[in-house]
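Positions 56 to 177 (the working numbering) are the ones given, in order, by the sequence shown.
Comments concern the structure below.
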Amino acid sequence: MTTKRISEFESLFTIANKVVVKKPVAYSWQGLALKIIQDFQVPANKKSSVFKICKTNTESYIERCLNDTKELCQDGEKWKYFFKVINNAKKEQAGDPDAIRQRQFNFENYKLKHAPKKIKYN
């Protein structure tokens, strides 16, 4: 073989080594956790907490908390707010009246923040 053919094989070999095969998730909750980690840019030291939350709770419950977080937290660190919503929703499910009041307070603040502005006419 010529040196040109050998270099072509070597270049093909290096290209083949660069291909990264993503391993599929074993459970649906893992995919949901990865989505949350990516969407909210969760830091490395909190990723295991996201996986635990997704593993121990139902997918519909996580989706509801995810939607609440996206609606209520427009700026700032969304991952912190997600943990707050999850914790508050757990207390709410247990029937804690303080958690229920907190959720109503958050919703009222959201409505006030996004309400249309009143125009004054002279």
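Positions of the beta carbon are idealized from the N, C-alpha and C atoms, including for glycine.
Computed from a prediction, not measured in an experiment: that's the story for all the values here.
Exposed unless 16 or more other CB atoms sit within 10 angstroms - verdict on residue i
i      : result
ASP130 : exposed
TYR136 : buried
ALA99  : exposed
Residue of the options minimising C-alpha distance to residue i
i      : options                          : result
GLN93  : TRP134, ASN112 and GLU118        : TRP134
ILE117 : TYR82, ALA144, THR69 and LEU127  : ALA144
ASP123 : SER103, LYS107, PHE95 and VAL140 : VAL140
CYS128 : LYS102, LYS146 and PHE95         : PHE95
ALA102 : PHE138, LYS78 and GLU126         : First, the residue type needs correcting, since residue 102 is Lys and not Ala in the sequence shown. The option with the nearest alpha carbon to LYS102 is PHE138.
GLU132 : LYS77, ASN112 and VAL97          : VAL97
Cβ pair residue i, residue j closer than 8 Å
i     : j      : result
ILE91 : VAL80  : no
TRP84 : CYS109 : yes
Inter-residue CB distance, residue i and residue j (contact presumed, cutoff 8 Å)
i     : j      : result
LEU89 : GLU114 : Their Cβ separation, rounded to whole angstroms, is 13 Å, which puts LEU89 and GLU114 out of contact at 8 Å.
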